[in-house]
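K.L.:
Position 41, counted from 1, in the sequence shown is what UniProt numbering calls 41; the numbers after and before it change by one each time, with no gaps. We put the beta carbon where it would ideally sit given N, CA and C, even for glycine.
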Amino acid sequence: MRIDVVTLFPEYFESPLRVSILRRAQESGHVQIVIHSLRDFGIGRHRVTDDAPYGGGGGMVMRPEPIFDAVAHILAEVPEAERMQIPIILLDPAGRRFTQEVAWELAGHPRLVLICGHYEGVDERVREHLATDEISIGDFVLTGGEPAALVILDAVVRLVPGVLGDPEAPRHDSFAGSLLEHPHYTRPAVYRGWEVPEVLRSGHHQAIARWRRMQSLRRTWERRPDLLLRAALTEEERSWIARWEAERRALLAPLLGEGTVPGEPSARSPDEECR
Numbered sequence: 001m002r003i004d005v006v007t008l009f010p011e012y013f014e015s016p017l018r019v020s021i022l023r024r025a026q027e028s029g030h031v032q033i034v035i036h037s038l039r040d041f042g043i044g045r046h047r048v049t050d051d052a053p054y055g056g057g058g059g060m061v062m063r064p065e066p067i068f069d070a071v072a073h074i075l076a077e078v079p080e081a082e083r084m085q086i087p088i089i090l091l092d093p094a095g096r097r098f099t100q101e102v103a104w105e106l107a108g109h110p111r112l113v114l115i116c117g118h119y120e121g122v123d124e125r126v127r128e129h130l131a132t133d134e135i136s137i138g139d140f141v142l143t144g145g146e147p148a149a150l151v152i153l154d155a156v157v158r159l160v161p162g163v164l165g166d167p168e169a170p171r172h173d174s175f176a177g178s179l180l181e182h183p184h185y186t187r188p189a190v191y192r193g194w195e196v197p198e199v200l201r202s203g204h205h206q207a208i209a210r211w212r213r214m215q216s217l218r219r220t221w222e223r224r225p226d227l228l229l230r231a232a233l234t235e236e237e238r239s240w241i242a243r244w245e246a247e248r249r250a251l252l253a254p255l256l257g258e259g260t261v262p263g264e265p266s267a268r269s270p271d272e273e274c275r
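#1: Since I believe Arg230 is in contact with Leu180 (beta carbons under 8 Å), could you give me their beta-carbon distance rounded to a whole number of angstroms?
#2: Considering Cα atoms alone, identify which of Gly58, Ile33 and Ala70 is closest to Gly42.
#3: Where does Asp92 land, buried or exposed, given buried means 16+ other C-beta within 10 angstroms?
#4: With DSSP collapsed to three states, give me the class of Ser37.
#5: At the level of alpha carbons, what is the spacing between Trp240 and Ile74?
#6: If we count Cβ pairs, one from each stretch, closer than 8 Å, do we get three or more for the stretch 152-165 versus the stretch 126-133?
#7: Start and end of the alpha helix (DSSP H) containing Thr220?
#8: Could you tell me whether the stretch 87-106 touches the stretch 29-41, using the rule of 3 or more Cβ pairs below 8 Å?
#9: Spatial neighbours of Trp221 within its chain, please: CB distance less than 7 Å, with the 5 preceding and 5 following residues excluded, ordered by chain position.
#10: Straight-line CA distance for Ile152 to Phe140?
#11: Roughly how many angstroms separate the alpha carbons of Asp4 and Ile89, rounded to a whole number?
#12: Would you kindly check if the distance between the Cβ of Ala94 and the Cβ of Glu134 is under 9 Å?
#13: Residues in the same chain with beta-carbon distance under 7 Å from Pro10, minus the five sequence neighbours each way, listed in chain order, please.
#14: Would you check if the distance between the CB atom of Pro16 and the CB atom of Leu22 is smaller than 9 Å?
#15: Select from His205, Arg83 and Leu256 the residue whose C-alpha is nearest the C-alpha of Val113.
#16: Thinking C-alpha only, which one of Arg248, Leu142, Tyr185 and Gly121 is nearest Pro53?
#17: Name the DSSP bridge partner or partners of Asp50?
The structure is reproduced here in structure tokens:
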């Protein structure tokens with residue numbers, strides 16, 4: 001897989017690309033990440049990349065010419081038929097929300113181009129006539145698209161086959177299957193009086209798998225119930241949720257009266273669920 005990043009600040013990526021998964025993915029040859037300085041395509045001897053907005057207003061707007069020229073340079077040697085299949089992604093707060101599903105979608109492409117916005121934004125003609133997709137990593141303000149590009153790089157690269165040592169690892173991450181990940185424990189078995197759940201030390205693989213699934217489901221139910229709307233659940237798992245909801249109602253009824261109060265976790269501890 002190859003990912004090209006167009007940015008005003010190529011140095012922003014120097015350290016992250018030299019460590020951890022991103023470094024190993026490149027060294028192993030599974031992924032090629034190429035950073036392009038937008039100023040190399042700037043206008044005139046001062047390499048201008050921005051200008052004042054038509055109609056007035058504060059801030060500067062990124063000009064279209066350097067961005068179009070940078071992408072044209074990146075794809076110059078790509079046959080036209082293939083070029084049309086390469087996602088050209090503008091990182092922008094107005095874009096669709098980046099999720100694990102989107103990461104899997106992007107990881108399925110052999111090549112991506114990421115365009116980092118800056119200042120007040122980019123000239124609208126970049127959206128209309130160059131970008132094939134717009135992505136936002138959340139409802140908050142960043143100085144530019146560079147942090148968002150790093151988030152997407154990390155999330156996508158780890159899904160490329162061969163990058164992680166365990167090919168099944170991405171399938172067990174949080175949000176895989178629309179659920180948050182189950183709790184993890186390691187040695188010591190007892191720390192400051194806090195014990196690792198007995199089931200995890202039992203060696204009973206089926207019981208462990210069931211415990212992990214239950215904890216994953218319960219954690220999602222407590223913290224991100226919105227994710228359950230698109231989760232594929234068995235009848236047994238739906239019965240777990242129904243029981244937790246009943247416990248919640250019973251717990252709150254003396255204080256608030258009858259009825260379900262959304263978003264309030266049950267008082268039972270996670271370990272009690274598998275006893």
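P.N.:
Quick answer:
#1: Not confirmed; about 13 Å, so no contact.
#2: Ala70
#3: buried
#4: strand
#5: 52 Å
#6: no
#7: His205 to Arg223
#8: no
#9: Leu228, Ile241 and Trp244
#10: 16 Å
#11: 10 Å
#12: yes
#13: Ile35 and Ser37
#14: yes
#15: Arg83
#16: Gly121
#17: Met62
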